[in-house]
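Peer 1: Going by the numbering used here, the first residue of the sequence shown is number 7, and it counts up by one from there.
Using N, Cα and C, we set each Cβ at its ideal position, and we do this for glycine too.
For clarity, every value in this text was computed on a predicted model and none was experimentally measured.
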Amino acid sequence: MAKILNGYSLPNIPWQDRPENDNSPIWRYDANPIIGRHDIPRANSIFNSAVVPYKGEFAGVFRCDDRTGHMDLYVGHSKDGVKWEISNDPIVMYNEKGEPVPYEYRYDPRVLFMDDKWYVTWCNGFHGPTIGIAYTTDFVHFTQLENAFLPFNRNGVLFPRKINGRYMMMSRPSDNGHTPFGDIYVSQSNDLEFWGHHRWMMGTWGGWQSTKIGPGPVPIETDEGWLMIYHGVITTCNGFVYRISTAILDKDEPWKVLYRSHEYLMGPETIYECTGDVPNVVFPCALLVDQDTGRITMYYGCADTVVGMAFTTLDELIRFTKEHS
Ligand code: BMA
Numbered sequence: 007m008a009k010i011l012n013g014y015s016l017p018n019i020p021w022q023d024r025p026e027n028d029n030s031p032i033w034r035y036d037a038n039p040i041i042g043r044h045d046i047p048r049a050n051s052i053f054n055s056a057v058v059p060y061k062g063e064f065a066g067v068f069r070c071d072d073r074t075g076h077m078d079l080y081v082g083h084s085k086d087g088v089k090w091e092i093s094n095d096p097i098v099m100y101n102e103k104g105e106p107v108p109y110e111y112r113y114d115p116r117v118l119f120m121d122d123k124w125y126v127t128w129c130n131g132f133h134g135p136t137i138g139i140a141y142t143t144d145f146v147h148f149t150q151l152e153n154a155f156l157p158f159n160r161n162g163v164l165f166p167r168k169i170n171g172r173y174m175m176m177s178r179p180s181d182n183g184h185t186p187f188g189d190i191y192v193s194q195s196n197d198l199e200f201w202g203h204h205r206w207m208m209g210t211w212g213g214w215q216s217t218k219i220g221p222g223p224v225p226i227e228t229d230e231g232w233l234m235i236y237h238g239v240i241t242t243c244n245g246f247v248y249r250i251s252t253a254i255l256d257k258d259e260p261w262k263v264l265y266r267s268h269e270y271l272m273g274p275e276t277i278y279e280c281t282g283d284v285p286n287v288v289f290p291c292a293l294l295v296d297q298d299t300g301r302i303t304m305y306y307g308c309a310d311t312v313v314g315m316a317f318t319t320l321d322e323l324i325r326f327t328k329e330h331s
């Protein structure tokens with residue numbers, strides 16, 4: 007059995023056993039979606055969102071697009087990780103001088119716990135998309151740091167600890183539109199402000215991941231290496247289709263890919279993944295992980311419209327990744 011390193015016990019992880027006669031490596035919550043498109047006033051859609059365990063319950067940062075088309079981030083809280091109370095007002099972030107930080111738009115957050123704080127990374131509008139970083143200790147007050155990169159970039163995902171003395175972040179350099187290309191890179195920093203020592207991690211492959219790929223949730227540290235879920239995109243005659251799969255990265259040099267699955271782990275199949283504002287998209291931004299049982303609960307955006315949950319285990323994902331590499 008593979009082991010989770012530097013994890014946490016989460017006996018209250020939202021969970022459903024795999025249905026009988028189902029042998030897929032990941033299975034959906036049977037009451038999906040857990041968050042509907044109109045769950046807060048003036049929302050058009052709530053999707054690609056990130057949740058974490060917080061004070062015995064759960065907290066998260068949610069992407070909500072409003073009815074003007076504006077994309078923004080909102081705080082949510084939940085007792086059980088399934089029923090969420092999401093704030094009606096977007097997060098206000100302050101710089102280190104205490105001034106509110108202006109922004110154009112914010113979307114696709116990731117959240118992680120590191121150095122006694124919760125860090126948020128997201129796609130931040132700055133004359134084109136780039137990667138924003140902020141931290142909070144209470145999900146009320148958020149301190150925003152400098153943008154990590156120049157535009158155009160998306161999918162900034164931090165590793166949850168320093169590796170060989172440096173913070174590390176994956177990202178997916180892009181263009182200012184619906185980018186028809188995209189590889190994953192790792193960048194390094196001593197202070198979460200200045201980023202460099204950029205390394206190419208992996209690029210597109212055949213079939214379902216032939217147009218572009220991008221990192222998904224914060225990777226899980228295991229005794230086999232960093233286990234990551236990433237999304238891959240194919241261009242079809244009806245547009246992009248977003249699926250996901252797994253890779254295992256070297257523990258010290260995470261741009262070195264040890265295993266990567268040729269098969270996708272999960273793709274849009276249900277009605278709520280195949281219909282919505284952008285049909286045929288599954289887009290995970292967060293995992294809850296219980297290190298005692300190896301249970302993993304994934305939160306993912308469905309068709310850029312609602313949020314769903316799916317369940318798997320560490321052993322399933324490691325087995326799947328190696329078997330299809
Ligand atoms: C990407 C991002 C995601 C979105 C996906 C599919 O470029 O905008 O937020 O889920 O496209 O539309």
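My parser needs the beta strand (DSSP E) runs of 3 or more residues fully inside the segment 208-246; what are they?
Peer 2: Complete beta strand (DSSP E) runs here, min 3: 218-221, 226-228 and 231-242.
Peer 1: Closer than 7 Å is what we want: which residues have a beta carbon that near any heavy atom of ligand 1? List them in chain order.
Peer 2: Listed along the chain, these residues meet the criterion: F53, N54, Y113, D114, R160, H184, T185, F246, Y248, V284, V287, F289, G307 and D310.
Peer 1: From Y14 to D298, what does the alpha carbon distance come to, in whole angstroms?
Peer 2: About 8 Å.
Peer 1: Measure the Cβ-Cβ separation of I302 and T276 and say whether it is below 7 Å.
Peer 2: No, the pair does not count as a contact, with Cβ atoms beyond the cut-off.
Peer 1: What's the C-alpha gap between A316 and N38?
Peer 2: Cα to Cα, the separation comes out at about 9 Å.
Peer 1: By DSSP, does D256 sit in helix, in strand, or in coil?
Peer 2: In the structure shown, D256 sits in coil (DSSP, three-state: anything other than H, G, I, E or B).
Peer 1: Enumerate in chain order the residues of its own chain whose CB-to-CB distance from S216 is below 6 Å, with the five nearest sequence positions on each side excluded.
Peer 2: Cβ neighbours of S216 beyond the five flanking positions: T210 and I240.
Peer 1: Can you say whether P186 is buried or exposed, counting buried as having 16 or more other CB atoms within 10 angstroms of its CB?
Peer 2: Exposed.
Peer 1: Output the residue ranges of the alpha helix (DSSP H) runs that lie fully inside the segment 304-329 and measure 4 residues or longer, sorted by chain position.
Peer 2: For the segment 304-329, whole alpha helix (DSSP H) runs of length 4 or above, ordered along the chain, are 320-329.
Peer 1: Quick one: is N170 buried, meaning 16 or more other Cβ sit within 10 Å of its Cβ, or exposed?
Peer 2: The residue in question, N170, is exposed, as its Cβ has fewer than 16 Cβ neighbours within 10 Å.
Peer 1: Measuring CB to CB, does R43 end up less than 7 Å from S30?
Peer 2: No; because the gap between Cβ atoms is not below 7 Å, this pair is not in contact.
Peer 1: At what residues does the beta strand (DSSP E) containing E63 begin and finish?
Peer 2: Its beta strand (DSSP E) spans residues E63 to D72.
Peer 1: Am I right that D64 and S84 are in contact with their C-beta atoms under 8 Å? What's the rounded C-beta distance?
Peer 2: It should be noted that the sequence gives Phe, not Asp, for residue 64. That pair is a contact at about 4 Å.
Peer 1: Would the segment 98-114 and the segment 66-78 be scored as touching if the rule is three or more Cβ pairs under 8 Å?
Peer 2: Because the criterion of three Cβ pairs below 8 Å is met, the segment 98-114 and the segment 66-78 touch.
Peer 1: Can you check DSSP and say which residues form a bridge with H83?
Peer 2: Partner(s): A65 and E91.
Peer 1: Out of H268, V81, L255 and C308, which one is the CA nearest neighbour of P274?
Peer 2: When only C-alpha atoms are compared, the closest one is C308.
Peer 1: Could you check where the alpha helix (DSSP H) with Y278 kicks off and where it finishes?
Peer 2: First-last of the alpha helix (DSSP H) with Y278: I277 to C280.
Peer 1: Take every Cβ of the segment 114-123, pair it with every Cβ of the segment 133-144, and state whether three or more of those distances are shorter than 8 Å.
Peer 2: Contact holds: three or more Cβ-Cβ distances are below 8 Å.
Peer 1: Mind the definition here: the segment 193-202 touches the segment 151-159 only if three or more C-beta pairs lie below 8 Å; say whether that holds.
Peer 2: These segments touch.
Peer 1: I think P1 touches P290, with their Cβ atoms under 8 Å apart; what is that distance to the nearest whole Å?
Peer 2: Any answer about residue 1 is impossible in this case: the structure gives the chain only from 7 up to 331.
Peer 1: For L151, which beta-bridge partners are listed by DSSP?
Peer 2: Paired residue(s): none; L151 is not in a bridge.
Peer 1: So what does DSSP say about W33, is it helix, strand or coil?
Peer 2: W33 falls in the strand class under three-state DSSP.
Peer 1: Between K123 and R160, what straight-line distance do the alpha-carbon atoms span, to the nearest angstrom?
Peer 2: Spanning the two alpha carbons is a distance of roughly 23 Å.
Peer 1: Kindly indicate which residue of H184, E26 and G82 has the alpha-carbon position closest to the one of I41.
Peer 2: It is G82.
Peer 1: Between Y305 and V57, is the Cβ-Cβ spacing less than 7 Å?
Peer 2: Cβ distance < 7 Å, so Y305 and V57 count as in contact.
Peer 1: Determine, using beta carbons only, whether I19 and L294 come nearer to each other than 7 Å.
Peer 2: It is a contact, given that the beta carbons lie within the stated cut-off.
Peer 1: May I ask you to report which of helix, strand or coil DSSP gives S267?
Peer 2: Of the three classes helix, strand and coil, the one that applies to S267 here is coil, per DSSP.
Peer 1: Considering Cα atoms alone, identify which of C243, K103 and R205 is closest to R178.
Peer 2: Checked all of C243, K103 and R205; the closest Cα to R178 is R205.
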